[in-house]
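K.L.:
Chains as they are written, first to last, in this note's numbering: chain A, 663 to 716; chain B, 55 to 275; chain C, 445 to 690. Even glycine gets a Cβ: it sits at the ideal position worked out from N, Cα and C.
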């Protein structure tokens, strides 16, 4: 286990790379989903308003 | 062809009336190169080592300053719409505008460059090749620049955006332009680099006007 | 090809692909991460830094593939005016820029222990940096106009100009590099032995599937944005139209 985190002495370079990649990928996914959800809600609201209007 | 010369003559005439514009570009080129000795120190060897690169970078930036107005005036006063409608090949018209730009900014820069090279202690062997490289390279600069200028027509923050678009595309010209001069200084043949510059100019002259014309059509839509 | 120009048809196919892409992405990551970090041996030259390569090469692969996708879709958009092609390019660009940044940063983090410096003017890193600027220019140009359609078309032309220029820039940089650093450190990272090839391919596959899955979500999002814009416009039109007599 110790050896795994040690990464043959390159821990300070290997782990940040994987951390950054995780942050970048999760960030892309989350921001995309958030925009999608907010647009879905906005579109539903617009549709409801149109139906509700006389 | 007569439409080409007519447009070229008109642009040159306008540039002559507003010769302050060309003067400003050359003055910028001069001040930008003069800044470097203050930045890196006045030692002759250091300056001679970086002279070619400094001159090229300053020339690119100076040309960039002048690109903004290649099409903007025509765009704003409606003569661009006339160009699009007059039935002439738009590509040819673009070439005329680029030629005018090169004659009014590229050529003054080329004439000024040996003078600035003196202040940067460029070795004597470099002058001829420097001028030759600029003659072969600056048309490409004008051609790519005109394409960028056409793309940003009517945009917000046009000038800054233009430099972001165009400067990365100038890197090949910068690489071979500088390498040609450095080869001449170190006694190597500079012919290969000069022919690459000529090749780049040929590629640019065939492809850039097409893109510029397409961008202008969209800008006018 | 033209069949896919219709947004409804396109999204039907895309939505059918989505669960597969997302599922494959999860599976590939589940396999790639433990193999890349634990079960693959360290390289005999690079030691454990070779594990950085799995992420770095995958990001670099995507940044190039995405630029290719943007260029191809820009061409389709300009030639046939396919709205879907435009959306593909538009939705891909920010992801390409992020993968490009990731490739740069991971390259630097690999370079520090291997070359002793975060930045070396190595041909590949330099080309990646220039590609990053091209991405930034593309994104900046596409939202520099009041009229978004004008931005789309200008950006499409720029993408094509970029695709002609990338090989020229690449060869220039490569030549420049050999001129100034004749003894450039040999980066033998691609002549990998088979044990290292498996995590690399798994990681590349996982990244690619991730891109496809998120791209489909982004396409949905872009289409919704267009629908919202249209609904808004028709609302304004309704409000300003004279009321019909009863």
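What did DSSP end up calling residue 491 of chain C once you bin it into helix, strand or coil?
P.N.:
Looking at residue 491 of chain C - three-state DSSP - the assignment turns out to be strand.
K.L.:
If you draw a straight line from the C-alpha of residue 425 of chain C to the C-alpha of residue 186 of chain B, how long is it?
P.N.:
Nothing can be reported for residue 425 of chain C, as the shown portion of chain C is limited to 445 through 690.
K.L.:
Against residue 695 of chain A, what residues of chain C qualify as contacts under a CB-to-CB distance less than 7 Å, listed in chain order?
P.N.:
The answer, in chain order, is 661.
K.L.:
Could you give the distance in angstroms between the alpha-carbon of residue 128 of chain B and the alpha-carbon of residue 506 of chain C?
P.N.:
If you take the alpha carbons of residue 128 of chain B and residue 506 of chain C, they lie about 41 Å apart.
K.L.:
Can you tell which of B:148, B:225, B:235 has the C-alpha that lies nearest to the C-alpha of residue 177 of chain B?
P.N.:
Looking at the Cα atoms, B:235 is the closest of the given residues.
K.L.:
Can you tell me the Cα-Cα spacing of residue 576 of chain C and residue 73 of chain B, whole angstroms?
P.N.:
Going from the Cα of residue 576 of chain C to the Cα of residue 73 of chain B covers about 38 Å.
K.L.:
Output, in sequence order along the chain, the residues in the stretch 222-238 of chain B whose CB is closer than 8 Å to any CB in chain C.
P.N.:
The stretch 222-238 of chain B vs chain C, Cβ under 8 Å: 222, 223, 225, 226, 229, 230, 233.
K.L.:
In terms of alpha-carbon separation, which member of C:540, C:601, C:490 lies closest to residue 519 of chain C?
P.N.:
The candidate whose alpha carbon is nearest that of residue 519 of chain C is C:601.
K.L.:
When the Cα atoms are used, what is the spatial distance from residue 65 of chain B to residue 114 of chain B?
P.N.:
Approximately 22 Å, taken between the alpha carbons.
K.L.:
If you follow the alpha helix (DSSP H) that residue 121 of chain B is in, where does it begin and where does it stop?
P.N.:
It spans 98-121 - the alpha helix (DSSP H) in which residue 121 of chain B sits, taken as one unbroken run.
K.L.:
Expressed to the nearest angstrom, what Euclidean distance is found between the alpha-carbon atoms of residue 112 of chain B and residue 229 of chain B?
P.N.:
Their backbone Cα atoms lie some 14 Å apart in a straight line.
K.L.:
How far does the alpha helix (DSSP H) with residue 207 of chain B in it reach, from first residue to last?
P.N.:
No alpha helix (DSSP H) holds residue 207 of chain B; DSSP gives it neither H nor E.
K.L.:
Strictly below 9 Å CB to CB, what residues from chain B border residue 473 of chain C?
P.N.:
What residue 473 of chain C touches in chain B: nothing, since even the nearest Cβ is about 33 Å away.
K.L.:
Is the beta carbon of residue 119 of chain B sitting closer than 8 Å to the one on residue 87 of chain B?
P.N.:
No, Cβ-Cβ distance for residue 119 of chain B and residue 87 of chain B is not below 8 Å.
K.L.:
From the DSSP output, in three-state form, read off residue 453 of chain C for me.
P.N.:
The answer is helix: DSSP assigns residue 453 of chain C an H, G or I state.
K.L.:
Sort C:614, C:640, C:590, C:663 by Cα distance to residue 742 of chain C and report the nearest one.
P.N.:
Residue 742 of chain C cannot be examined here, being either before or after the span of chain C that is shown, 445 to 690.
K.L.:
For chain A, is any of its Cβ atoms less than 8 Å away from the one on residue 652 of chain C?
P.N.:
No, because no Cβ of chain A sits closer than 8 Å to the Cβ of residue 652 of chain C.
K.L.:
Which term fits residue 464 of chain C, buried or exposed, when burial requires 16 or more other beta carbons within 10 angstroms of its beta carbon?
P.N.:
Exposed.
K.L.:
Would you be able to state if there are at least three C-beta pairs under 8 Å between the stretch 484-499 of chain C and the stretch 520-532 of chain C?
P.N.:
In short, these stretches do not touch, since the Cβ pair count stays below three.
K.L.:
Out of curiosity, what's the CA-to-CA distance linking residue 644 of chain C and residue 568 of chain C?
P.N.:
Cα-Cα distance, rounded: 18 Å.
K.L.:
Going by CA-CA distance only, name the one from B:199, B:135, B:260, B:56 that's closest to residue 123 of chain B.
P.N.:
With distances taken between Cα atoms, residue 123 of chain B lies closest to B:199.
K.L.:
Using a Cβ-Cβ cut-off of less than 7 Å, give me the residues of the stretch 260-272 of chain B that come near chain C, in sequence order.
P.N.:
Per Cβ criterion, the list reads 261, 265, 268, 269, 272.
K.L.:
May I have the straight-line CA-CA distance separating residue 269 of chain B from residue 95 of chain B, to the nearest angstrom?
P.N.:
Approximately 44 Å, taken between the alpha carbons.
K.L.:
At what residues does the alpha helix (DSSP H) containing residue 624 of chain C begin and finish?
P.N.:
Element bounds for residue 624 of chain C: 592-624.
K.L.:
Could you compute how far the alpha carbon of residue 174 of chain B sits from the alpha carbon of residue 544 of chain C?
P.N.:
The alpha-carbon atoms of residue 174 of chain B and residue 544 of chain C are separated by roughly 37 Å.
K.L.:
Please list, in chain order, the chain B residues whose beta carbon lies closer than 8 Å to that of residue 613 of chain C.
P.N.:
Per Cβ cutoff of 8 Å: 222, 223, 225, 226.
K.L.:
Taking 8 Å as the CB-CB cut-off, is residue 594 of chain C touching chain B?
P.N.:
Chain B contact via Cβ: present.
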